[in-house]
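Below is one structure, written out as C-alpha cells, with a few remarks after it.
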Amino acid sequence: MEVVEIRVTESVLEASSGNEAQIEYVPYGRLCRSPLNARKKAPTGIEALAGTIFGNGLMQNLVVHPVKGSRAKQPKLGVCAGQRRLAALDLLFSQGKITKDFKVPVLIVSEGEAVSASLIENRERETMSRTNVARSGC
1 MEVVEIRVTE SVLEASSGNE AQIEYVPYGR LCRSPLNARK KAPTGIEALA GTIFGNGLMQ
61 NLVVHPVKGS RAKQPKLGVC AGQRRLAALD LLFSQGKITK DFKVPVLIVS EGEAVSASLI
121 ENRERETMSR TNVARSGC
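At position 61 of the sequence shown (counting the first as 1) the number is 61 in the UniProt record's numbering, and the numbers step up by one without a gap.
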C-alpha cells in the first residue's frame with residue numbers, strides 16, 4: 001500500500017505590511033534550491049511525487065525568496081520550503097514532461113522570512129496514521 005503524504009503549511013505574513021502574502025505563478029525556470037532551506041538531507045520518494053504532480057498538478061505552493069546576486073531581469077527564486085516538490089519538478093523537466101515556462105504556484109517571502117518559513121513547514125509535519133488515511137469525510 002502506498003502512503004500519501006499530506007502537508008499543511010502555515011501562512012507566512014509579510015512583516016512589512018502585516019497583510020497576508022498572495023500566491024503567484026512563476027515559470028519553473030526561475031526556481032532553484034535555496035541555501036536557507038532547513039532540511040539538509042536528500043529528499044526521498046521523488047519519482048512517485050513527480051508522477052502525482054504530472055497526473056494531478058501541483059496541489060501545494062512552494063515558498064520562495066529572491067536570490068541575491070541574480071543578474072537576470074527576472075531574478076532567480078530560491079525554494080526555502082518545498083524541496084521535495086522542487087525535486088519532483090526537476091525530474092519532470094529532465095524527462096521532458098514540463099518546460100522552463102511551466103507555471104508553478106509560489107509564495108514569495110523576504111530572505112529574512114525564508115528561514116522561518118522553512119522551519120515552520122518542517123517542524124509542523126505529522127505522519128498520517130491509518131485512522132487518518134481511512135477517514136474521507138469531514
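Just so it is clear, CB atoms sit at the ideal spot from N, CA and C, and this is done for glycine as well.
Select from 88, 92, 27 and 32 the residue whose C-alpha is nearest the C-alpha of residue 45. 88
message = Looking at residue 36: is its Cβ nearer than 9 Å to the Cβ of residue 104?
response = no
Straight-line gap, residue 47 to residue 65 (C-alpha atoms, nearest Å): 26 Å
Review point. Roughly how many whole angstroms lie between the Cα atoms of residue 60 and residue 98?
Key: 17 Å
For residue 23, is the classification buried or exposed, using 16 other Cβ atoms within 10 angstroms of its Cβ as the cut-off for buried?
exposed
Residue 96 classed as buried or exposed, judged by whether at least 16 other C-beta atoms fall within 10 angstroms = exposed
Exercise. Would residue 57 be called buried (16 or more neighbouring beta carbons within 10 Å of its own) or exposed?
Worked result: exposed
*asked:* In whole angstroms, give me the CA-to-CA distance for residue 81 and residue 26.
replied: 15 Å
Suppose you measure from the CA of residue 69 to the CA of residue 54; what does that come to, to the nearest Å? 32 Å
Does DSSP classify residue 31 as helix, strand or coil? strand
key: Residues bridged to residue 23 [DSSP beta-bridge criterion]   = 107
| So residue 109 and residue 21 are in contact, right, with Cβ under 8 Å, and what is the actual spacing, rounded? | 7 Å
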